[in-house]
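Undergrad: Before I ask anything, here is the structure I am working with.
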Amino acid sequence: MCSRRREWCLALELLLLPHWFLATSIQGHSESPVNALSGRNVRLQISNLPDKYKKLTWFYTPEQKIVEYEESSEPNYFKSKFKDKVKLDLTNGALDIHNVQKEDSSTYLLRVVKVTGNEEEWRVSLKVFDPVPKPVVDIKIQKVNNSCYYLTISCVVPDQSVNYSWRADSGPLPKELQTSVFNVTIGPQNYSKFYTCEVSNPVSNSSSTVPVTLLHDSARSFRVAWTAVWLVVIVPTVSGLLWN
Ligand SMILES: *[C@@H]1O[C@H](CO)[C@@H](O)[C@H](O)[C@H]1NC(C)=O
Ligand SMILES: *[C@@H]1O[C@H](CO)[C@@H](O)[C@H](O)[C@H]1NC(C)=O
Ligand SMILES: *[C@@H]1O[C@H](CO)[C@@H](O)[C@H](O)[C@H]1NC(C)=O
Ligand SMILES: *[C@@H]1O[C@H](CO)[C@@H](O)[C@H](O)[C@H]1NC(C)=O
Ligand SMILES: *[C@@H]1O[C@H](CO)[C@@H](O)[C@H](O)[C@H]1NC(C)=O
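Residues -23 to -1, 1 to 221 (mature numbering (1 follows the signal peptide of the UniProt record, and there is no 0)) make up the sequence shown, in order.
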C-alpha cells in the first residue's frame, strides 16, 4: 500500500513536472484587470504584442482555447461557448467579446509563439458584473430614553458582491458604518432627516434614501413625533386586544 502510494506520487510528480518546466520557460506578463457590465461588448487587449510571431492563441482557461491564429491562415475559432461571440483583431491580437455574461469572468491567457520559437504569455483578468439593483432601505427605531433613540438601519440588495456607502444629511457616515446593516444611537442634537444607501460594484451603482420622518428640528417636535409613534403602534395593539 505504502509503496503503491509512493508510485502514485511519483507518477503525479512526472505529470506535474513538464508543466513546471513549461511555466518557467514561458515569459509571462499580467495586463491590468478589466471590469465590465454584463451585456456589453468588451475588448481584451495586450499592450506590446511582438510585430512578428508564428502562432497566437487566446485561452478562456489554461485548458480551453477560444481562438488560434497561425501565420498565413484564417483564425480558427474553437467549439466553445465563445464561438459565435468573439472576434480576433489581427492587427493587434485583441479579442473582442460580444454581449459578455457573468460566467465569462476568468483570467484569459494570450499565448504567442515568437519567430524564435520562444513562447510569451499574457494574462488578462476579466470580471463581469450585473447592474446593481435598487437597494431596499429600512429603519427600525428603538427608544433608549427620553432623549436618545437607537436606530438599526439596513440596506439590502439580492446581489452580494457589492460595496455599501451611507450618507446622512450631515454628510458621509464614518467608514465603520459602511456595511449593509448598522446601528446608531441618536439624540435630538445629531439626528439625521434621511439616510441614503448607495450600493456599488466596479461598473455600476444605485441608491435609495429613507427619510427619518418621525424626527423633526426641535426637541419638542421630537417628542411630538414619538407621541405619533405611540398612537400608531400602541393604539392598534390595544384595539387588537379588545377585539380578541
Ligand atoms: C440617554 O441614553 C444615552 C445613551 O445611553 C446617554 O448618553 C444619555 O445620557 C441618556 N440621557 C438621559 C436623559 O438619560
Ligand atoms: C444592531 O442591533 C440589533 C438589535 O437591535 C442587533 O441584533 C444587531 O446585531 C446589531 N447590529 C450591529 C451591526 O451591531
Ligand atoms: C449622537 O449623540 C449621542 C448623544 O447625544 C451619542 O451617544 C451618539 O453616539 C451620537 N450618534 C452619532 C451617530 O454621532
Ligand atoms: C469594494 O471596495 C473595495 C475597496 O475600494 C474594492 O477593492 C472592491 O473591488 C469593491 N468591490 C466591489 C464589488 O465593488
Ligand atoms: C455611480 O455611477 C455613475 C454612472 O452611472 C458614475 O458617474 C458615478 O461616479 C458612480 N458613483 C460611484 C460612487 O461609483
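Every residue, glycine too, gets a C-beta built ideally from N, C-alpha and C. Since the model is a prediction, treat every value here as computed from it, not as a measurement.
Checking 7 Å against the spacing of the C-beta atoms, do Cys132 and Val121 come in under that value?
TA: As a working note, residue 132 is residue 155 in the sequence shown. As a working note, residue 121 is residue 144 in the sequence shown. Taking 7 Å as the cut-off, the beta carbon of Cys132 is found no closer than this to the beta carbon of Val121.
Undergrad: Going by beta carbon distance, what residues of the same chain come within less than 8 Å of Cys125, once the five residues before and after it are set aside?
TA: Counting from 1 along the sequence shown, the entry for residue 125 is found at position 148. Excluding sequence neighbours, Cys125 sits near Thr162, Ile163 and Gly164.
Undergrad: Looking at Thr129 and ligand 2, is the gap between the Cβ and the nearest heavy atom below 6 Å?
TA: Within the sequence shown, numbered from 1, the residue matching residue 129 stands at position 152. Checking every heavy atom of ligand 2 against the Cβ of Thr129, one is found closer than 6 Å.
Undergrad: Heavy atom of ligand 1 less than 6 Å from the Cβ of Asn160, yes or no?
TA: For the purposes of this step, residue 160 is identified with residue 183 of the sequence shown, where counting begins at 1. Not under cutoff, so the answer is no.
Undergrad: Of all the beta strand (DSSP E) runs that stay within the bounds of the region 12 to 72, which reach a length of 3 or more residues?
TA: 19 to 21, 30 to 38, 41 to 47 and 63 to 66
Undergrad: Helix or strand or just coil, what does DSSP make of Glu8?
TA: Taking the sequence shown and counting its residues from 1, the one referred to as residue 8 is at position 31. In this structure, Glu8 counts as coil in the three-state DSSP scheme.
Undergrad: Could you tell me the alpha carbon to alpha carbon distance between Lys142 and Asn160, rounded to whole angstroms?
TA: On the sequence shown, position 165 is the one that residue 142 refers to. On the sequence shown, position 183 is the one that residue 160 refers to. Reading off the sequence shown, one finds Ser at residue 142, where the question assumed Lys. Answer to the nearest angstrom: the Cα atoms are 14 Å apart.
Undergrad: For ligand 5, which residues count as neighbours when the test is a C-beta closer than 6 Å to any heavy atom?
TA: Ser177 and Asn182
Undergrad: Under 7 Å between the Cβ atoms of Leu33 and Val77?
TA: On the sequence shown, residue 33 is found 56 positions in, with the first residue counted as 1. On the sequence shown, residue 77 is found 100 positions in, with the first residue counted as 1. Not closer than 7 Å, so no.
Undergrad: Please state whether DSSP places His193 in a helix, a strand or coil.
TA: For the purposes of this step, residue 193 is identified with residue 216 of the sequence shown, where counting begins at 1. Model confidence at His193 stands at a pLDDT of 44, short of 50, so the residue's coordinates are unreliable and nothing is read from them.
Undergrad: Pull up the DSSP beta-bridge partners for Ser181, would you.
TA: Taking the first residue of the sequence shown as position 1, residue 181 is located at position 204. Beta-bridge pairing links Ser181 to Asn178.
Undergrad: Would you call the region 55 to 66 and the region 86 to 100 touching, i.e. three or more CB-CB distances under 8 Å?
TA: They do not touch, by the three-pair rule.
Undergrad: For Asp73 and Asp107, I'd like the C-alpha separation in whole angstroms.
TA: Position 96 of the sequence shown, counted from the start, is the residue given in the question as residue 73. Position 130 of the sequence shown, counted from the start, is the residue given in the question as residue 107. Approximately 19 Å between the Cα atoms of the pair.
Undergrad: Could you tell me whether any non-hydrogen atom of ligand 4 is closer than 6 Å to the CB of Pro179?
TA: On the sequence shown, residue 179 is found 202 positions in, with the first residue counted as 1. Checking the Cβ of Pro179 against ligand 4 gives yes.
Undergrad: Excluding the 5 residues preceding and the 5 following Ser169 in the sequence, name in chain order all residues of the same chain whose CB lies nearer than 7 Å to its CB.
TA: Taking the first residue of the sequence shown as 1, we reach residue 169 at position 192. Excluding sequence neighbours, Ser169 sits near Ala145, Asp146, Ser147 and Val189.
Undergrad: State the beta-bridge partners of Glu98 as determined by DSSP.
TA: To locate residue 98, count along the sequence shown from 1; it is residue 121. According to DSSP, Glu98 bridges with Gly5 and Arg88.
Undergrad: Going by C-alpha distance, which of Glu8, Pro52 and Lys104 is nearest Ile23?
TA: Counting from 1 along the sequence shown, the entry for residue 23 is found at position 46. Residue Glu8 is the option with its Cα nearest to Ile23.
Undergrad: Taking Cβ positions only, does Gln137 come closer than 7 Å to chain D?
TA: In the displayed structure, chain D is absent; only one protein chain is listed.
Undergrad: Short check: CB of Pro112 to CB of Cys174, under 7 Å?
TA: By 1-based counting over the sequence shown, the position of residue 112 is 135. By 1-based counting over the sequence shown, the position of residue 174 is 197. Contact flag set, yes.
Undergrad: Going by DSSP, what residue range makes up the beta strand (DSSP E) through Leu128?
TA: Walking along the sequence shown from the start, residue 128 turns up at place 151. Unbroken beta strand (DSSP E) run through Leu128: Tyr126 to Val133.
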